[in-house]
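2 protein chains.
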Amino acid sequence: MLDPVSRVRRFNRAVTSAVGALDTSFLGRGRPLGAARVLNAIGHGRADVGDIRDYLGLDSGLMSRLLRTLEDEGLIETTVHGGDARRRIARLTAAGRREFNAYEALSNQQARDFLARNAQRDALLAAMDMIASALGRESTALTEMDPRSDEARYCLGEYYAELARRFKQGFDVKLSRDPDAKDMVRPRGSFIVAMSDGLPVGCVGLKGSGSELAEIKRLWVAPSARGLGLGRRLIDAAESAARELGIAVLRLDTNSALAEAGQLYRKSGWTEIPRFNDDPYPDLFFEKRL
Amino acid sequence: MLDPVSRVRRFNRAVTSAVGALDTSFLGRGRPLGAARVLNAIGHGRADVGDIRDYLGLDSGLMSRLLRTLEDEGLIETTVHGGDARRRIARLTAAGRREFNAYEALSNQQARDFLARNAQRDALLAAMDMIASALGRESTALTEMDPRSDEARYCLGEYYAELARRFKQGFDVKLSRDPDAKDMVRPRGSFIVAMSDGLPVGCVGLKGSGSELAEIKRLWVAPSARGLGLGRRLIDAAESAARELGIAVLRLDTNSALAEAGQLYRKSGWTEIPRFNDDPYPDLFFEKRL
DNA sequence: GCATATATCTGACTTTAGTCAGATATTGTC
DNA sequence: GACAATATCTGACTAAAGTCAGATATATGC
Numbered sequence: 015m016l017d018p019v020s021r022v023r024r025f026n027r028a029v030t031s032a033v034g035a036l037d038t039s040f041l042g043r044g045r046p047l048g049a050a051r052v053l054n055a056i057g058h059g060r061a062d063v064g065d066i067r068d069y070l071g072l073d074s075g076l077m078s079r080l081l082r083t084l085e086d087e088g089l090i091e092t093t094v095h096g097g098d099a100r101r102r103i104a105r106l107t108a109a110g111r112r113e114f115n116a117y118e119a120l121s122n123q124q125a126r127d128f129l130a131r132n133a134q135r136d137a138l139l140a141a142m143d144m145i146a147s148a149l150g151r152e153s154t155a156l157t158e159m160d161p162r163s164d165e166a167r168y169c170l171g172e173y174y175a176e177l178a179r180r181f182k183q184g185f186d187v188k189l190s191r192d193p194d195a196k197d198m199v200r201p202r203g204s205f206i207v208a209m210s211d212g213l214p215v216g217c218v219g220l221k222g223s224g225s226e227l228a229e230i231k232r233l234w235v236a237p238s239a240r241g242l243g244l245g246r247r248l249i250d251a252a253e254s255a256a257r258e259l260g261i262a263v264l265r266l267d268t269n270s271a272l273a274e275a276g277q278l279y280r281k282s283g284w285t286e287i288p289r290f291n292d293d294p295y296p297d298l299f300f301e302k303r304l
Numbered sequence: 015m016l017d018p019v020s021r022v023r024r025f026n027r028a029v030t031s032a033v034g035a036l037d038t039s040f041l042g043r044g045r046p047l048g049a050a051r052v053l054n055a056i057g058h059g060r061a062d063v064g065d066i067r068d069y070l071g072l073d074s075g076l077m078s079r080l081l082r083t084l085e086d087e088g089l090i091e092t093t094v095h096g097g098d099a100r101r102r103i104a105r106l107t108a109a110g111r112r113e114f115n116a117y118e119a120l121s122n123q124q125a126r127d128f129l130a131r132n133a134q135r136d137a138l139l140a141a142m143d144m145i146a147s148a149l150g151r152e153s154t155a156l157t158e159m160d161p162r163s164d165e166a167r168y169c170l171g172e173y174y175a176e177l178a179r180r181f182k183q184g185f186d187v188k189l190s191r192d193p194d195a196k197d198m199v200r201p202r203g204s205f206i207v208a209m210s211d212g213l214p215v216g217c218v219g220l221k222g223s224g225s226e227l228a229e230i231k232r233l234w235v236a237p238s239a240r241g242l243g244l245g246r247r248l249i250d251a252a253e254s255a256a257r258e259l260g261i262a263v264l265r266l267d268t269n270s271a272l273a274e275a276g277q278l279y280r281k282s283g284w285t286e287i288p289r290f291n292d293d294p295y296p297d298l299f300f301e302k303r304l
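Going down the list, the sequences are from chains Y and U. Counting from 15, one number per residue, gives the positions in the first sequence under my numbering. Counting from 15, one number per residue, gives the positions in the second sequence under my numbering.
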């Protein structure tokens, strides 16, 4: 009753019936699930017909008929793709938007009901984030973004909050050497966010100086996404960006309270060097030649 | 990107595709899902045809045909129910057992792969337990069991481990007044375990003395199942059992370090009374007249 | 410009799932 | 023992999903 495999399978059973319940409530709108899935995929921004087909794993004949059903109902319109006249683009009509919103409302209501039924809301949400990240790991995408974007600012906020929790003396970003956003966008540097199905789950900044020397800053992985090798992927991505920008030497500072970070740098080929700045927070300094 | 509803829905999406992947791998055995589900239900010990039908939510006509398909394949046998000749009992043949084992192997392999892919195994399992308990709450069943059963001993082991963590001075069951198992089985007392889809997630003991006075002992709820009202259900069940046994006065001892327990007792109509034993661990004593 | 590849559509299927109205046998109740 | 209730089965359906072999139009590489 305790073995890990049984526990995973118990989870699978619980979740299968919950998923089935949502499908059933979708059927309440009087449309077969296949058509509802296509409508929802379009509503969520998938426009390219081939892309939708791949995403839903449908045969091209079936896809074509489902599209036509929705078109006949007046819920979607299709046009040819601008650059490639073989491809088609689908988008919702006003009626389709209303119908899509009704499906969204069902999904949202189901989610709200689940949250309302349970007292341990925050713990449950954290558990769900963790599982979603673990299941969606191969689909976690690293994207270069502006450090002033919402996604980046969310990551940085979480990162500062975590430092404040983990440093004995707390953390105040104003006392630290906060990099100028311009140093972390091309051509000087870069800022990379890891997105897992819409949720930012990690980030790293490459702070350039216009010279062949740059710094890695703000490496953060969401607690729900730890243990998945994401830290390593972020460092690798930052190093690749640095190579592209012609940077020869990378440096970074960190704190020995962040033990997993120090280990990660050592395993990734970084070497410890003496202090190279007077920031009050770091006590550990690394360098890597590319 | 942060609101709880989006997080629940991200979880739903991740899990839906994982569930779909298992269904697909089941289809790889060349049998439609409906028949595979019936075979698996029988393999997992469901024998009564009506019970299987309810469990899988099938129409009786469909059920009958699926059963016959499996029978024609030589995977199951059906016999009439001993006590009621209208009902039928299904069980696996040797070939059916082999086929069932193949499905089990697929499920187990999927679970093992998931665990092997992820470094944070224990945290993930804890998260899965929590979600499975939250989803399966209405199906958590309270069952009277022998306190020496595997399920009960698992609960007690977890309970002692938790006391050891939470008491400043630790916890050694040998120093405490460990109730004799016989005092917690009928007719003197009772022991109740909460089972959620095969996993024990809570327990409570009713320790009788042969008189109209009894004690509540060993109330425990698994961390993964807290916030679901299970503690209250366990107390209610213990009180009902006490009433059945003709007990008029219930007592219990607890420790102020277990704040949520104290709150629960107060909310459930218990009143604080002076110390009534010399056990070194408790510092808080309650009584309830039934 | 021509052969080949790609994206979508159409027609003609099959399989699976699900529904519903009886038929049959058995059980429990008065 | 008659009669209603219950459990399962059968026949006759419909709807949904999925398959597959072309047809058509367009794009790409040589």
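Using N, Cα and C, we set each Cβ at its ideal position, and we do this for glycine too.
Residue state for Ser210(U) is assigned as strand, using DSSP reduced to three classes. With contacts defined as CB atoms closer than 9 Å, Glu229(Y) and Leu304(Y) fail to qualify as a contacting pair. By the 16-neighbour rule on beta-carbons within 10 angstroms, Glu226(Y) is exposed. For Arg24(Y), the closest of Thr30(U), Glu172(U), Ser121(U) by C-alpha to C-alpha distance is Ser121(U). By a beta-carbon distance limit of 8 Å, Leu106(U) contacts Ile90(U). Their separation comes to about 6 Å. As DSSP reads the structure, Leu227(Y) sits in a beta bridge with Val263(Y).
Minimum Cα-Cα distance from Leu170(U) among the listed residues Ala195(U), Arg265(U), Ala155(U) corresponds to Ala195(U). Between Arg180(Y) and Ala271(Y), the beta carbon gap of about 5 Å places them in contact (Cβ cut-off 8 Å). A Cβ of chain Y is located within less than 9 Å of the beta carbon of Gly243(U). Residue nearest to Val22(Y) within the set Leu156(Y), Ala148(Y), Ala255(Y), Ala178(Y) is Ala148(Y) (criterion: CA-CA distance). Where Arg102(Y) is concerned, the enclosing beta strand (DSSP E) starts and stops at 102 to 106.
At least one C-beta of chain Y is nearer than 9 Å to the C-beta of Met144(U). Under the three-state reduction of DSSP, Asp98(Y) is assigned to coil, being neither helix nor strand.
For Asp197(Y), the number of other beta carbons within 10 angstroms of its own is at least 16, and it is reported as buried.
Judged by DSSP secondary structure, Thr157(U) falls within the beta strand (DSSP E) whose first and last residues are 155 to 158. The Cβ atoms of Pro214(U) and Tyr168(U) sit closer than 9 Å to each other. In terms of beta-carbon proximity, Thr92(Y) stays away from the interface with chain U, with every pair separated by 9 Å or more. With a threshold of 9 Å between beta carbons, Ser282(Y) makes no contact with chain U. For the stretch 30 to 57 of chain Y, the set of residues with a beta-carbon nearer than 8 Å to any beta-carbon of chain U comprises Thr30, Ser31, Ala32, Val33, Leu36, in chain order. Using a Cβ-Cβ cut-off of 7 Å, Ser163(U) is close to nothing in chain Y; its nearest Cβ partner there is about 11 Å away. For Gly57(U), same chain residues with a beta-carbon under 7 Å away, outside a window of 5 residues either side, are Leu106, Phe114 in chain order. Its Cα nearest to that of Glu87(Y), the residue Ala49(Y) stands out among Ala49(Y), Tyr117(Y), Tyr279(Y). In this structure, Ser210(U) lies near Ser153(U), with their beta-carbon atoms less than 9 Å apart. Distance from the CA of Ala32(Y) to the CA of Tyr295(U), rounded to the nearest whole angstrom, comes to 42 Å. Bridge partners of Leu220(Y) according to DSSP: Ser204(Y), Ile230(Y). Nearest C-alpha to Arg246(Y) among Glu158(Y), Val94(Y), Ala262(Y), Ser282(Y): Ser282(Y). Here DSSP, grouped into helix, strand and coil, assigns Lys188(Y) to helix. Separation of Ser190(Y) and Gln134(Y) (C-alpha to C-alpha, rounded to the nearest whole angstrom) is 36 Å. Leu298(Y): member of the beta strand (DSSP E) spanning 298 to 303, first to last residue. The straight-line gap separating the alpha-carbon atoms of Phe205(U) and Ile261(U) is approximately 15 Å. With distances taken between CA atoms, Asn26(U) lies nearest to Asp37(Y) out of Asp192(Y), Ala208(Y), Asp37(Y), Val218(Y).
Proximity of Asp250(U) to chain Y, defined by a Cβ-Cβ separation below 9 Å, is not satisfied. DSSP places Glu253(Y) in the uninterrupted alpha helix (DSSP H) bounded by 244 to 258. Per the coordinates, the alpha-carbon of Ala166(Y) lies some 56 Å from the alpha-carbon of Gly75(U).
Within chain U, Asn122, Ala125, Arg126, Leu129 have C-beta atoms less than 8 Å from the C-beta of Val19(Y), given in sequence order. At a cut-off of 9 Å between C-beta atoms, Ser74(U) does not count as an interface residue with respect to chain Y.
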